[in-house]
Amino acid sequence: MAASTFLIIIKPVCLPGNVIHSVKLRSYTRINNSNLRFSYFTVNHSETFVNHHTGVHTQNIESVWNKYNYVLKIYKGIVVLR
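Per our numbering, the sequence shown starts with residue 44, numbered consecutively.
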């Protein structure tokens with residue numbers, strides 16, 4: 044996803060003071076915190092899963108998506124509960 048697309052999606056729903064944690068992608072390098080009403084931090088997964096300078100990680104949202112996808116699979120009948 045391009046940085047411009049990311050910002051089009053994120054800006055309308057972010058309130059002043061919100062904090063966004065994201066995986067560091069080359070296309071996101073143009074995102075400049077000074078022009079945003081929210082804080083934006085990244086973690087580079089090719090180096091580590093936690094940014095040791097800021098403490099930023101994406102484990103929480105990855106966990107949420109994992110649970111959501113599991114429930115969705117149950118709903119669609121892909122996973123059978125035992």
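Think of the CB as a built atom: it goes at the ideal place given N, C-alpha and C, for glycine as much as any other residue. From a predicted model like this one, the values you see are computed outputs, not experimental measurements.
Please report the distance separating the alpha-carbon of residue i from that of residue j.
{"i": "Arg73", "j": "Tyr113", "result": "34 angstroms"}
{"i": "Ala46", "j": "Ser70", "result": "6 angstroms"}
{"i": "Asn94", "j": "Asn78", "result": "22 angstroms"}
{"i": "Phe81", "j": "His64", "result": "11 angstroms"}
{"i": "Ile121", "j": "Cys57", "result": "34 angstroms"}
{"i": "Leu68", "j": "Asn87", "result": "8 angstroms"}
{"i": "Pro59", "j": "Leu115", "result": "32 angstroms"}
{"i": "Lys110", "j": "Val66", "result": "19 angstroms"}
{"i": "Asn75", "j": "Thr48", "result": "14 angstroms"}
{"i": "Ile51", "j": "Ile117", "result": "32 angstroms"}
{"i": "Val123", "j": "Thr91", "result": "35 angstroms"}
Go ahead and label residue i buried or exposed: buried means 16 or more other beta carbons lie within 10 angstroms of its beta carbon, across all protein chains shown.
{"i": "Val99", "result": "buried"}
{"i": "Val62", "result": "exposed"}
Write down the C-beta distance between residue i and residue j rounded to the nearest angstrom, noting that I regard them as a contact closer than 8 angstroms.
{"i": "Phe84", "j": "Thr101", "result": "Not quite, the Cβ-Cβ distance comes to about 10 angstroms (not below 8 angstroms), so this is no contact."}
Locate the beta strand (DSSP E) running through residue i, then write down its first and last residues.
{"i": "Ser65", "result": "62-66"}
{"i": "Phe49", "result": "Per DSSP, Phe49 belongs to no beta strand (DSSP E); it is in the alpha helix (DSSP H), 46-53."}
Which residue comes first and which comes last in the alpha helix (DSSP H) that contains residue i?
{"i": "Tyr113", "result": "102-119"}
Does any residue of chain D bring its CB to less than 9 angstroms from the CB of residue i?
{"i": "Asn103", "result": "Note that chain D does not occur in the displayed structure, where there is just one protein chain."}
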